[in-house]
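These notes concern the structure reproduced below.
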Amino acid sequence: ATTSAGCFIIDSIGRVVQQISRREGLQNNNVLCVFLDKDKNLWAGLDNGISFIAYNAPIKYIKPGEFNESAGYSVRVFNSKLYIATSDGAYVAPVPGNPPDLSFAKGDFTRIRNSTGQAWRIDEVNHQLLMGHNNGSFLIRDNEAIPLTVDPGTWLFIPTTAVYPYKKVLAGTYAGLTLFEFEEGRLVKTNPLKGPYESLRFLAIDHENEIWASHPYRGIYKITLSTDHNSFSSHLYGEKDGLPSQLRNFVFRIKNRVVFATEQGIYEFDAAEKRFVPSPSLFDVFGKLGIQYMSEDGEGNIWFSNGKKMGVANFSNPRQPAITYFPELTGKILSGFENIYPYNQENIFIASKNGIIHLNYKKYTTFKTSLNILLTEARVFGGSDSLIFGGYSFAPGDSVFLQSKNRVLKFPNKENSFHFEFSSPSFSLQNNIEYSYRLVGYDDNWSPWSSRTEKDYTNLPSGTYRFSVKAHDNMGNESAIVTYTFVVRPAWYNSLLAYFIYVLMLVAAALLIIKWQRKKFRLQLVSFEDEQKRLKYIHQLEIEKNEKEIIKLQNEKLINEVTFKNKELADASMHLVERSDALIKVKDELQQLYKKTGGNHDVKKAIQLVNDIEKNNANWEQFASHFDEVNNDFLKKLSQQFPNLTNTDLKVCAYLQLKLTSKEIAQLMNITVRGVELSRYRLRKKLQLAQGQTLNDFFNEILQTQS
11 ATTSAGCFII DSIGRVVQQI SRREGLQNNN VLCVFLDKDK NLWAGLDNGI SFIAYNAPIK
71 YIKPGEFNES AGYSVRVFNS KLYIATSDGA YVAPVPGNPP DLSFAKGDFT RIRNSTGQAW
131 RIDEVNHQLL MGHNNGSFLI RDNEAIPLTV DPGTWLFIPT TAVYPYKKVL AGTYAGLTLF
191 EFEEGRLVKT NPLKGPYESL RFLAIDHENE IWASHPYRGI YKITLSTDHN SFSSHLYGEK
251 DGLPSQLRNF VFRIKNRVVF ATEQGIYEFD AAEKRFVPSP SLFDVFGKLG IQYMSEDGEG
311 NIWFSNGKKM GVANFSNPRQ PAITYFPELT GKILSGFENI YPYNQENIFI ASKNGIIHLN
371 YKKYTTFKTS LNILLTEARV FGGSDSLIFG GYSFAPGDSV FLQSKNRVLK FPNKENSFHF
431 EFSSPSFSLQ NNIEYSYRLV GYDDNWSPWS SRTEKDYTNL PSGTYRFSVK AHDNMGNESA
491 IVTYTFVVRP AWYNSLLAYF IYVLMLVAAA LLIIKWQRKK FRLQLVSFED EQKRLKYIHQ
551 LEIEKNEKEI IKLQNEKLIN EVTFKNKELA DASMHLVERS DALIKVKDEL QQLYKKTGGN
611 HDVKKAIQLV NDIEKNNANW EQFASHFDEV NNDFLKKLSQ QFPNLTNTDL KVCAYLQLKL
671 TSKEIAQLMN ITVRGVELSR YRLRKKLQLA QGQTLNDFFN EILQTQS
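Residue numbers (my numbering): 11 to 717.
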């Protein structure tokens with residue numbers, strides 16, 4: 011510990027291995043004391059605080075830039091040196107002695123000459139270092155970047171065959187492809203290939219030397235080189251060819267096969283069907299996980315990234331690969347430009363927003379620590395906040411960090427809202443610790459695992475409760491369960507006395523209900539009797555109404571029959587009129603014949619016969635009898651009411667009642683129409699009709715009075 015330069019790590023012979031100062035993240039360089047804990051991590055006491063240095067942690071940061079602000083894109087270990095491509099150029103640092111964990115090396119980085127600018131990738135080809143840069147392709151030799159092409163930026167380099175040394179190497183560039191040719195391990199020629207102008211950042215060559223490329227926004231390309239290797243053509247595949255989507259597709263070579271990471275899992279190309287299908291070997295491992303980057307290490311494990319998360323699929327048991335995530339790295343990897351370089355199990359290098367992340371996977375998986383959890387606070391709130399447990403107990407003989415069995419507190423019903431806080435004192439594992447809790451007596455199951463370190467329960471009903479909480483890390487290590495027991499007393503209305511009063515109230519209510527029901531029954535009985543009387547009265551009214559309807563129908567029937575009979579009488583009268591006319595004509599003809607024949611006795615006899623027929627047709631008594639039979643003795647009662655009426659007057663009244671015209675009446679009575687009108691005038695005087703009153707109206711009134 012120093013007062014001006016932070017902490018120094020030195021080896022057994024006094025050589026400086028590492029310096030940890032403000033540049034590496036220390037709060038300040040004035041370190042007053044240091045302490046090594048049981049996990050071999052450092053605690054530094056500063057003049058204005060305490061810093062925890064995860065020196066023995068499996069995850070560390072390597073920051074090659076002078077101001078530690080450069081993003082790291084690619085790493086390569088070559089000839090006992092560590093090369094890093096960053097957004098500020100390429101850097102190199104010696105790794106003397108090749109320690110198992112390279113993060114413990116001193117880290118004296120220097121910038122490679124002529125590499126200033128955005129460096130994307132460093133690949134080893136034929137024991138030479140090639141660098142993909144924003145300014146093109148470079149060969150790194152003797153800490154200097156030697157330009158190989160003047161083309162726009164280069165993304166990566168891949169050999170065209172698996173046979174070493176490689177004779178041809180393809181480079182994916184901003185504008186397509188560039189072909190590098192080697193002889194005896196030396197670069198002899200570069201040849202930019204003519205073809206579609208497309209940025210090719212993801213390339214892979216399968217076991218049949220088929221070249222595949224992907225574009226995150228367009229789909230998958232299958233690239234074919236010309237026979238003279240001077241140009242190339244491409245065929246674009248999309249959703250119609252079996253891909254889940256045109257977007258976010260990435261190509262990698264994994265397990266000696268070209269696989270395609272999509273938004274819906276890992277796919278492969280079926281050459282027979284000429285379609286993309288779920289990978290037979292990897293789809294079941296990753297499911298429909300949307301993966302953006304994949305890299306295979308020497309042990310056959312697959313390192314991957316999906317979004318801001320990073321993990322590894324461990325194939326030590328090929329039948330049941332296990333996937334492990336690294337929560338400490340969530341949101342810290344270089345999203346969109348992911349790169350994972352698994353040098354060995356102790357040195358995994360990951361592209362990051364701030365330098366390079368170093369992961370000692372062997373230490374990460376074998377690091378065993380006893381995971382503990384503490385209930386740091388329990389508080390009741392609602393009325394006034396009150397601390398009921400502060401993380402420790404005063405009771406002698408009990409664990410100071412656990413609740414005393416003799417101190418189970420009881421709270422009134424109005425204080426039924428509680429707040430709990432908890433944490434794990436595992437400082438080096440804070441980012442990958444998750445908690446689960448349960449309130450026994452209220453929750454049926456444990457809560458889902460989460461990083462949340464507090465929980466509230468409000469408006470709890472009365473009862474005895476036990477709050478339980480536990481923790482686990484991403485490797486499956488789980489802590490013991492910590493509990494806190496408390497009681498919420500029932501409210502006054504839930505006490506025994508209250509229940510006794512409730513019973514009395516229920517009995518009284520039952521008696522009142524019975525009394526009320528009886529009274530209601532009596533009222534219903536009276537109402538029923540009244541209703542029966544009303545219904546009986548209504549029934550009687552209905553009977554009377556029906557009888558009146560029957561009488562009315564009978565009257566209407568009689569009226570209709572009278573009308574029909576009158577019509578028949580009228581028809582008969584008209585028939586008599588017509589017959590009288592015919593007899594008169596016959597009589598006239600016979601009289602003329604009688605005169606012409608000089609008084610022929612037979613003709614005279616025929617004339618007498620016609621006169622007898624006329625007398626029979628004019629039989630008034632027979633007509634009056636039929637008319638009174640149909641019209642309820644109309645003529646008889648009319649003659650009784652007006653005795654001064656003659657037979658001629660009664661005939662006129664009958665014919666008028668039959669609705670005959672004056673002409674028809676004149677024919678029946680063998681008088682003129684003028685004579686009919688005079689008879690009607692005389693009849694009105696005898697009947698003493700008022701001015702404006704017609705004979706028909708008068709007759710109708712008589713008929714109504716008679717009915």
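Beta carbons: idealized from backbone N, C-alpha and C, even for Gly.
State buried or exposed for M515, treating a residue as buried only when at least 16 other CB atoms are found within 10 Å of its CB.
Exposed: under 16 other Cβ atoms inside 10 Å.
Please check the pair A214 and V268, which I expect to be a contact at CB under 8 Å, by giving their CB distance rounded to whole angstroms.
Yes, A214 and V268 are in contact; Cβ-Cβ is about 5 Å, under 8 Å.
For I301, count the other beta carbons within 10 Å of its own beta carbon; 16 or more makes it buried, fewer makes it exposed. Which is it?
That one is buried.
Separation of Q256 from D152, as counted between CA atoms
Approximately 44 Å, taken between the alpha carbons.
Option nearest D251 by Cα separation, candidates A700, N219, S243 and V287:
For D251, the closest C-alpha among the options A700, N219, S243 and V287 is that of V287.
Return the residue from the list K373, K614 and T13 that minimises the CA-CA distance to K50.
When each option's Cα is compared against that of K50, the closest is K373.
Beta strand (DSSP E) segments (min. 3 residues) lying fully within the segment 291 to 375
You should have 303 to 306, 312 to 316, 319 to 324, 332 to 335, 350 to 354, 357 to 361 and 366 to 369.
Have a look at the DSSP bridge pairing and note the partners of N201.
The partner list for N201 (beta bridge, DSSP) reads L189.
Can you give, in chain order, each stretch of the beta strand (DSSP E) that sits fully within the segment 230 to 287 and has at least 3 residues?
Counting only runs of 3 or more, we get 242 to 247, 260 to 264, 267 to 272 and 275 to 280.
Do F391 and S427 come within 8 Å of each other at the CB atom, strictly closer than that value?
Contact: yes.
If you draw a straight line from the C-alpha of F314 to the C-alpha of V322, how long is it?
When the Cα atoms are used, F314 and V322 turn out to be separated by approximately 6 Å.
Could you give the distance in angstroms between the alpha-carbon of Q716 and the alpha-carbon of R694?
Here Q716 scores only 49 on pLDDT, less than 50, and its place in the model is too uncertain to base an answer on.
Quick check on the DSSP output: the alpha helix (DSSP H) that includes R692 runs from which residue to which?
Its alpha helix (DSSP H) spans residues V683 to L697.
Could you check which residue in A676, Q28 and P74 has the C-alpha nearest to that of K363?
It is P74.
Please report the straight-line C-alpha distance between G127 and W53, rounded to a whole angstrom.
Answer to the nearest angstrom: the Cα atoms are 38 Å apart.
Put S478 into one of helix, strand or coil per three-state DSSP.
It is a strand residue.
Report the rounded CA-to-CA distance for M679 versus Q601, giving the unit in angstroms.
Each residue's alpha carbon lies about 22 Å from the other.
Where E444 sits in the DSSP three-state scheme
In the structure shown, E444 falls within a strand segment according to DSSP collapsed to helix, strand and coil.
For N416, the three-state DSSP class (helix, strand or coil)
In the structure shown, N416 sits in coil (DSSP, three-state: anything other than H, G, I, E or B).
Per-residue burial, Y303 [other beta carbons within 10 Å of its own, 16 or more giving buried]:
With 16 or more other Cβ atoms from the protein chains shown falling within 10 Å of its own Cβ, Y303 counts as buried.
Give a yes or no on contact between the segment 353 to 372 and the segment 466 to 485, applying the rule of three or more CB pairs nearer than 8 Å.
Contact between the segment 353 to 372 and the segment 466 to 485 is absent, because fewer than three Cβ pairs lie under 8 Å.
Can you grab the Cα-Cα spacing for the pair A628 / K661, in whole Å?
Here the model assigns A628 a pLDDT of 49, short of 50, so the residue's position is not dependable, and the following value carries that caveat. Spanning the alpha carbons of A628 and K661 requires a straight line of approximately 11 Å.
On a Cα-Cα basis, can you pick out the residue from D483, S345 and V497 that is closest to N416?
Of the candidates D483, S345 and V497, the one whose C-alpha sits nearest the C-alpha of N416 is V497.
Across the segment 159 to 168 and the segment 135 to 151, are there enough close Cβ pairs to call them in contact, namely three or more that are closer than 8 Å?
Taking a cut-off of 8 Å on C-beta distances, the segment 159 to 168 touches the segment 135 to 151, as three or more cross pairs fall below it.
Residues that DSSP places opposite S460 in a beta bridge:
Per DSSP, Y445.
Give the DSSP-derived three-state secondary structure of E387 in the structure shown.
Here E387 sits in strand by DSSP.
If we count Cβ pairs, one from each stretch, closer than 8 Å, do we get three or more for the segment 657 to 675 versus the segment 685 to 700?
They touch, by the three-pair rule.
Given 8 Å as the limit, is there contact between the segment 375 to 388 and the segment 472 to 481, that is, 3 or more CB pairs closer than that?
Output reads yes: the segment 472 to 481 touches the segment 375 to 388.
Can F359 and Y371 be called in contact, C-beta distance under 8 Å?
No.
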